[in-house]
Amino acid sequence: MARSARSSGEPEDPRLAQIRALVRATPPEVLDRISGRAPWRRAVSAAWSPPVLLVAALIFTPLYLAYASSAGWPDGTMWSLLLMAMAAGAALTFAGYLRVVDGRPRLGLGGSPCAAVSGFFPVVAALALATTTAPNAAGMPATAAGGWMALGLVLLGLSNRVTGAIMCPPRS
Amino acid sequence: MATRALAAADFTQTVLDNDIVLVDFWAAWCGPCRQFAPVFEAASEKHPELVFGKVDTEAERDLAGAAGITSIPTLMAFREGVLVFSQPGALPAAALEQVIDGVKGLDMAAIHAEIAAQSGANTAAAEG
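Chains as they are written, first to last, in numbering that gives the first Met the number 0: chain A, 0 to 171; chain B, 0 to 127.
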């Protein structure tokens with residue numbers, strides 16, 4: 000529903016542009032305050048919408064299973080629970096990068112096309128890292144598996160901002 | 000006053016020409032919309048001084064898209080041409096009355112000032 004038949008580049012119907020401007024004139028923060036809605040609820044639903052969470056779960060569940068099995072998951076150690084928490088954190092962080100505002104991914108930066116493009120590099124790099132460091136047949140020690148997961152999460156967040164800062168300098 | 004159907008052609012004018020306008024975005028196939036429809040209709044009879052508009056999102060897809068509708072039913076309330084309430088989900092009668100009372104009781108001078116301040120802050124944040 001609510002699909003627009005307008006193709007990109009085609010000028011928008013001025014009546015629709017007026018409606019869009021009318022609806023967007025009130026900032027969401029003001030709407031929250033008028034409605035008595037806690038601001039974090041809008042932030043959470045915007046950052047982690049169900050489709051985005053589904054994508055993140057599809058990506059991170061196999062990673063979790065791979066790491067957890069190498070960390071003693073079949074034996075029921077506590078590491079599997081810790082890894083589950085780490086994987087959930089990684090999935091939520093990744094889902095936050097996929098947040099879409101006005102049809103463009105924000106990727107935790109500023110929502111500009113430049114920021115969106117630059118944000119993909121660390122995501123791809125992190126996925127490549129996760130793939131190449133998958134546990135081998137002999138199994139990875141639990142501490143190493145957990146460490147890689149945590150380190151990957153931190154690097155993902157940092158590199159996202161670093162590439163954004165390098166590629167998308169603040170406008171003067 | 001009963002509800003009136005709104006389309007892209009008269010949406011903006013209706014909102015701007017009336018003090019308080021409530022708009023129900025709905026679709027025929029949507030169960031909660033059918034559940035909310037009589038509640039909305041009854042409220043329109045009870046508050047003839049307000050405008051109760053209905054947008055069929057199937058017939059007015061571009062309008063629904065422009066209004067940023069992502070789920071239905073969604074109830075919007077405008078006062079003095081300003082969007083002051085927007086929430087998806089079917090409201091029970093008591094909750095709708097609460098929304099109407101809330102909209103009537105708004106200090107619009109303060110709302111206008113707050114919107115101006117928040118818009119300025121958002122613009123500055125986007126540029127920084």
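Ideal Cβ placement from N, Cα and C applies to all residues, glycine included.
Inset, instruction - Identify the contact partners of T11/B in chain A, using a Cβ-Cβ distance below 8 Å as the criterion. - result: In chain order: R14, Q17, I18 and L21.
Inset, instruction - Would you identify the three-state DSSP class for L62/B, choosing helix, strand or coil? - result: Secondary structure at L62/B: helix, using DSSP grouped into helix, strand and coil.
Legend entry - Integer-rounded CB distance, given that G52/B should sit under 8 Å from V83/B: The pair is not a contact, with the Cβ atoms about 15 Å apart (cut-off 8 Å).
Inset, instruction - Kindly indicate the opening and closing residues of the alpha helix (DSSP H) around I71/B. - result: Counting along the chain, I71/B falls outside any alpha helix (DSSP H), and DSSP gives it neither H nor E.
Inset, instruction - Determine the burial state of A89/B: buried for a count of at least 16 other Cβ atoms within 10 Å of its Cβ, exposed for fewer. - result: Burial call: buried.
Legend entry - N-terminal and C-terminal residue of the alpha helix (DSSP H) that P47/B is part of: Here P47/B belongs to no alpha helix (DSSP H), and DSSP marks it neither H nor E.
Inset, instruction - Quick one: which residues of the region 54 to 69 of chain B get their C-beta closer than 9 Å to a C-beta of chain A? List them in chain order. - result: Using a CB distance below 9 Å, the part of the region 54 to 69 of chain B facing chain A consists of T56, E57, R60, D61, L62, A63, G64, A65, A66, G67, I68 and T69, ordered along the chain.
Inset, instruction - Compare the C-alpha of D55/B against each of E113/B, L105/B and W25/B and name the closest. - result: Answer by Cα proximity: W25/B.
Legend entry - Min CB distance A7/B to chain A below 8 Å: Yes, its Cβ sits closer than 8 Å to a Cβ of chain A.
Legend entry - Inter-stretch contact at 8 Å, needing at least 3 Cβ pairs: the region 23 to 35 of chain A / the region 67 to 82 of chain B: Short answer: they touch.
Legend entry - L90/B at chain A interface by Cβ criterion, 8 Å: Interface with chain A (8 Å Cβ-Cβ cutoff): L90/B is excluded.
Inset, instruction - Counting only the same chain and skipping the five closest in sequence on each side, list residues whose C-beta sits under 8 Å from that of P91/B. - result: For P91/B, where only same-chain residues beyond five positions count, the Cβ hits under 8 Å are V38.
Inset, instruction - Quick one: which residues of the region 97 to 113 of chain B get their C-beta closer than 8 Å to a C-beta of chain A? List them in chain order. - result: Listed by position along the chain: G101, L105, I110 and E113.
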